[in-house]
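Undergrad: Going letter by letter, the sequence shown gives residues 7 to 342 in this note's numbering. Structure below; questions to follow.
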Amino acid sequence: MRQSNMELLRIFAMFLILIIHATSMSLGGLPTIEQSHNNFGYTHSFFFFYGLSSVGVNLFVLISGWFGIRPTLKSFFKLLFQVLFFTILAFCVLIITDKDKYLNLNTFSYVFLIPSNQLWFVKAYLVLMILAPVLNTFAESCSSRQLLKTIIAFYVFQTIYGWCFADSTPWIGGGYSPISFLGLYLTARYLRLYPQPWYRWGFAKLTGLFILIIFALALLSSFITYKGYPIAGRLYAYSSPFMICAAIILLIAFSRLKFQNNFINWVAISAFAVYLTHGNEIILRGYYAPFIGKIFNNNSGIVFILLVFVFMLSVFSISILLDKIRLYFWNIITKK
Numbered sequence: 007m008r009q010s011n012m013e014l015l016r017i018f019a020m021f022l023i024l025i026i027h028a029t030s031m032s033l034g035g036l037p038t039i040e041q042s043h044n045n046f047g048y049t050h051s052f053f054f055f056y057g058l059s060s061v062g063v064n065l066f067v068l069i070s071g072w073f074g075i076r077p078t079l080k081s082f083f084k085l086l087f088q089v090l091f092f093t094i095l096a097f098c099v100l101i102i103t104d105k106d107k108y109l110n111l112n113t114f115s116y117v118f119l120i121p122s123n124q125l126w127f128v129k130a131y132l133v134l135m136i137l138a139p140v141l142n143t144f145a146e147s148c149s150s151r152q153l154l155k156t157i158i159a160f161y162v163f164q165t166i167y168g169w170c171f172a173d174s175t176p177w178i179g180g181g182y183s184p185i186s187f188l189g190l191y192l193t194a195r196y197l198r199l200y201p202q203p204w205y206r207w208g209f210a211k212l213t214g215l216f217i218l219i220i221f222a223l224a225l226l227s228s229f230i231t232y233k234g235y236p237i238a239g240r241l242y243a244y245s246s247p248f249m250i251c252a253a254i255i256l257l258i259a260f261s262r263l264k265f266q267n268n269f270i271n272w273v274a275i276s277a278f279a280v281y282l283t284h285g286n287e288i289i290l291r292g293y294y295a296p297f298i299g300k301i302f303n304n305n306s307g308i309v310f311i312l313l314v315f316v317f318m319l320s321v322f323s324i325s326i327l328l329d330k331i332r333l334y335f336w337n338i339i340t341k342k
C-alpha cells in the first residue's frame, strides 16, 4: 500500500527538479560577483531557491532506497515503456513544430537516450535497478555497524573525489552517476532499517532545520560570491555533503507524517513523467529554460514568481495527464 506522506514527498521532489532546471538554465547561471555587489538580496534569494531545489534528485533516489527497489522484468520494461512513450511523443511534437529542424537522425537518437546528456537520470537509475537486489541483500544481511561503516567509507571517498576534486574524476563528479545513487540508496536503507534517536523529532522541527540549513548555506554562498570567490556552485552539487544531509533531513521529516490520500497517490504514480516531459534535453534547453528566461527578462519580483509557478504547475499537470494515457496503453499491453 502506498504511503501518502512519502508519495507527497515524491511529488515535492519532482517539483523541485522543475525549479532547479529553471534556476540553473533560465536565469543566466549563478549570480556573479558584480550582481552580488549590486543586488545582494537577489543573490541570496537565488541561492536559497537553488539550494532548496538542489535536493530534488537526491530525494528521488532516497525515496527508492527508503522503500527498497524490488525489480522484476515487468517493472523494468514498465520503466522503459514510460521513457519511450515520452521520448517518442516529444519527437513527434518537435517534428510537427519544425520538421526541417528536427526530422533527422540526430534528433531521433534522443529517443533512445544515445547522447550522454539525454535523460542522464534514467540511465543512472536503470543501473540502480539492476544492482538493487545485491544492495538489498547486503543491507538486510549485514550488521547495522557494518552497513554504517560501508556508508561512511563511501561518503569519505565521494566527498574527496566526487565533490572536492570532482573535475579530476568525471565518472563520479557532481553526483551525476549511478555510483552516487548506490550510496544514497544504501543510506536510505540504513535509515529505514535502523531508526535513529532524532527520528523522534516532529515534522515541523525537522522541516525547520532543513529550511535553516538552506537559508544559512544561501548566506554563505552570497558572502563568498560577494568577496570574489566564484565557488558557490560547488556547495550545491548533488554530491555535496550539504545537499545530501539536507535531503536526508527532509526524507525523515516526511516520514513522520501519517495520513492517506487517494489523490496524492494517484498523482505520485505519474510523478516521474514530469521529468521525462521537460527533462528531454532538446525540450529542456530549447523550450523550457528559454521560456522561463523570457518571463524573467520581462517581469520581476512577485509577478515573476507567480508566472513561473503557474507555468511549472501547468507543465506538471500536463505531464501527469499524459502519463495516465501512457498507463492506459500499458495496461492494455500487459493484459494481452
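Backbone N, C-alpha and C fix where the C-beta goes; we use that ideal spot for every residue, glycine too.
(1) If you reduce the DSSP assignment to three classes, tell me which class Ala243 lands in.
(2) Between the Cα of Tyr232 and those of Tyr167, Leu33, Tyr48, spot the shortest distance and give me the residue it belongs to.
(3) Would DSSP call Lys233 helix, strand or coil?
(4) Report the residue from Leu24, Asn305, Gly181, Ile258 whose alpha carbon sits nearest the alpha carbon of Arg206.
(5) Compute the distance between the beta-carbons of Ala253 and Leu65, then report whether it is under 7 Å.
(6) State the Cα-Cα distance for the pair Leu256 and Asp104, rounded to the nearest angstrom.
(7) On the CB-based measure, 16 or more other CB atoms within 10 Å of its CB, does Asp106 come out buried or exposed?
(8) Using the three-state DSSP reduction, which class does Ser115 fall into: helix, strand or coil?
(9) Do you know offhand how far Ser246's Cα is from Ser227's?
(10) Beta-carbon within less than 8 Å of Trp177's beta-carbon, same chain only, minus the 5 sequence neighbours each way: which residues are those?
(11) Is it the case that the Cβ atoms of Ile157 and Thr193 are separated by a distance below 7 Å?
(12) Where Met154 and Tyr196 are concerned, what is the direct C-alpha to C-alpha distance, given to the nearest angstrom?
(13) What residues in its chain sit with their C-beta under 8 Å from that of Lys80, if we drop five residues either side in the sequence?
(14) Taking just the CA atoms, how far does Trp72 sit from Leu141?
(15) Helix, strand or coil for Met20, going by three-state DSSP, please let me know.
(16) Closest to Tyr288 by CA distance: which of Ser70, Ile136, Ile101, Phe52 is it?
(17) Have a look at Gly285 and Thr143 and give me their C-alpha separation to the nearest angstrom.
(18) Using beta-carbon positions only, say whether Ser10 and Asn337 come within less than 7 Å of one another.
(19) Rounded to the nearest angstrom, how far is the Cβ of Ala172 from that of Ala243, given a contact under 8 Å?
(20) I'd like to know whether the C-beta atoms of Leu282 and Phe92 end up nearer to each other than 7 Å.
(21) For Ser150, count the other beta carbons within 10 Å of its own beta carbon; 16 or more makes it buried, fewer makes it exposed. Which is it?
(22) Count the other CB atoms within 10 Å of the CB of Phe82; is the residue buried (16 or more) or exposed (fewer)?
(23) Examine the ligand COA and report whether any of its heavy atoms sits within less than 6 Å of the Cβ of Thr213.
(24) Enumerate, from N- to C-terminal direction, the unbroken alpha helix (DSSP H) stretches of 4 or more residues contained entirely within the region 243-317.
(25) Would DSSP call Tyr182 helix, strand or coil?
TA: Once the coordinates are examined:
(1) coil
(2) Tyr48
(3) coil
(4) Ile258
(5) yes
(6) 42 Å
(7) exposed
(8) helix
(9) 13 Å
(10) Ser183, Ile185
(11) yes
(12) Position check: residue 154 holds Leu in this sequence, whereas Met was assumed. Approximately 7 Å between the Cα atoms of the pair.
(13) Thr340
(14) 12 Å
(15) helix
(16) According to the sequence shown, residue 288 is Ile rather than Tyr. Taking only the C-alpha atoms, the option nearest Ile288 is Ile101.
(17) 33 Å
(18) no
(19) 7 Å
(20) yes
(21) exposed
(22) exposed
(23) Absent from the structure shown: the ligand COA. Ligands present: none.
(24) 247-261, 268-274, 278-284, 295-304
(25) coil
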